[in-house]
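S.K.: Shown below is the structure under consideration.
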Amino acid sequence: MEDPQQCLSYKQMRGKGGFIRSTWKELNQLIAAANVWTIKHYGPDRIVGFSPIPAMSMVSYAAGTRYLSLIGGTCLSFYDWYCDLPPASPMTWGEQTDVPESADWYNSSYIIAWGSNVPQTRTPDAHFFTEVRYKGTKTIAIYAGLFGSGETVRSVAGGRNRVPTARWPWRWAMSS
């Protein structure tokens with residue numbers, strides 16, 4: 001890939017078909033060689049991958065994220081895979097982390113949705129968040145906007161001192 005002439009000859013063949021049969025051993029060697037080459041030339045953070053969510057296959061999730069973590073690669077989240085956030089979501093709400101899956105919500109007995117408007121950002125799974133209350137699960141929503149899906153809703157306005165919020169979960173747990 002460093003010789004411009006070889007690189008051009010390779011790129012000119014793209015899109016013309018020409019698939020050939022290969023063995024798993026050969027393919028794994030090619031993938032490993034590509035990873036090693038990329039790490040040597042550009043650094044490990046240029047290896048980016050996605051593993052299935054844990055509810056789909058815990059083994060696949062663990063293997064993929066473990067591999068990427070060991071080589072210094074970057075793990076994509078399932079936000080990147082499903083693309084189910086509204087347009088410009090990171091610019092609007094800031095960087096988000098992986099939320100628990102709906103299976104985690106359903107198996108929980110106490111949920112604090114802090115800074116997430118679940119019906120808007122996780123629309124396909126939002127019903128699990130509200131339905132779990134039929135089992136007796138306590139739900140609390142802390143959000144700067146409008147989010148009324150929790151039993152207890154606390155609004156945090158911009159510019160406020162956030163220190164008191166550190167005691168909120170403790171107070172709620174003691175009153176439950």
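For the sequence shown, position 11 matches number 11 in full-length UniProt numbering, and the numbering has no gaps at all.
Using N, Cα and C, we set each Cβ at its ideal position, and we do this for glycine too.
Bear in mind that the values here come from a model prediction, so they are computed numbers and not experimental data.
#1: Out of curiosity, what's the CA-to-CA distance linking residue 132 and residue 75?
#2: Can you find a C-beta in chain B that's less than 8 Å from the C-beta of residue 107?
#3: Do the region 61-68 and the region 24-31 touch if we need at least three Cβ pairs shorter than 8 Å?
#4: Report the three-state DSSP secondary structure of residue 16 (helix, strand or coil).
#5: Compute the beta-carbon to beta-carbon distance between residue 113 and residue 119, rounded to the nearest angstrom, for a pair I have assumed lies under 8 Å.
#6: According to DSSP, is residue 49 helix, strand or coil?
#7: Contact between the region 49-61 and the region 100-110 is defined here as three or more beta-carbon pairs at a separation below 8 Å; is this criterion met?
M.R.: So, from the data block:
#1: 30 Å
#2: The structure shown contains no chain B; it is built from a single protein chain.
#3: No contact exists between the region 61-68 and the region 24-31.
#4: coil
#5: About 10 Å; that fails the 8 Å criterion.
#6: strand
#7: yes
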